[in-house]
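Chemist: Please see the structure below; I have some questions.
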Amino acid sequence: MAAVRASCLKKEELDSHITKYDLKRLELYCSNVADYHLIMDLMPTLAKLFFLDHFGHIKCTAIQLALLVGVGLQHKTVDEVSKELDLPVSQLLGLQIRLIKKIYQAIMNVVEDSVEQILGFSQNSNAALNAESTSIQDLNEELDKADKFSKREKPNQKRVFLVEN
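FYI, the UniProt record's numbering numbers position 17 of the sequence shown as 17, with every residue one higher than the one before it.
What follows is the structure, encoded as structure tokens:
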């Protein structure tokens, strides 16, 4: 996706425009599980945020911009925009899903940045990851020792069981 990290939009502002349920609907639409009718009520909000440049720079075609203006800001249907642009509806819907995927990726970048800030992660936290991988190696060594011990003790346990019976 050609979306740049959206630093203009903060999570709090995003939450005032788009709910978690709206994000789920966008996710379903972007993964081709849901029809475009499911997200048509979000188009005015997405168009407003897009044209106010809250998503950062998103690369799109002139037809995608015209579609976003028509559907999002002028509240036209895809059929009406199709007639105005003299393009088939199926082509417009294909362009719309590509644009919505880019917008969704920009929104998810904002959400991910917010989660990283809340958890205190930064993109340069490789040192912490390396320290954690060391402890994972220690755990693996411990598991190997326990496995060897159980393999040694297993024959002894069988003998004890046979002698008791």
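Ideal Cβ placement from N, Cα and C applies to all residues, glycine included.
Specify the secondary structure class of Ile63 as computed by DSSP and reduced to three states.
Modeler: Three-state DSSP puts Ile63 in a helix.
Chemist: Does the stretch 39–49 come into contact with the stretch 82–92, if we say contact requires no fewer than three beta-carbon pairs (one atom in each stretch) closer than 8 Å?
Modeler: With the cut-off at 8 Å, the stretch 39–49 and the stretch 82–92 do not touch.
Chemist: Identify whether Ile58 lies in helix, strand or coil by the three-state DSSP scheme.
Modeler: Correct three-state label for Ile58: strand.
Chemist: Using a 10 Å radius around the Cβ and a threshold of 16 neighbouring Cβ atoms, would you call Leu26 buried or exposed?
Modeler: Classification for Leu26: buried.
Chemist: The alpha helix (DSSP H) spanning Asn109 covers which residue range?
Modeler: Note, Asn109: alpha helix (DSSP H), 89–119.
Chemist: Looking at C-alpha atoms only, which residue of Lys59, Thr19, Lys10 is the closest neighbour of Ile100?
Modeler: Of Lys59, Thr19, Lys10, the residue nearest in Cα terms is Lys59.
Chemist: Under a three-way DSSP split, which group does Val33 fall into?
Modeler: It is coil, neither helix nor strand.
Chemist: Once DSSP output is grouped into helix, strand and coil, what is the label at Gln137?
Modeler: Helix.
Chemist: Helix, strand or coil, according to DSSP, for Leu14 in the structure here?
Modeler: In this structure, Leu14 counts as helix in the three-state DSSP scheme.
Chemist: Reducing DSSP to helix, strand and coil, say where Leu52 ends up.
Modeler: Leu52: coil per DSSP, three-state reduction.
Chemist: Should Asn32 be labelled buried (16 or more other beta-carbon atoms within 10 Å of its own) or exposed?
Modeler: By the 10 Å Cβ count, Asn32 comes out exposed.
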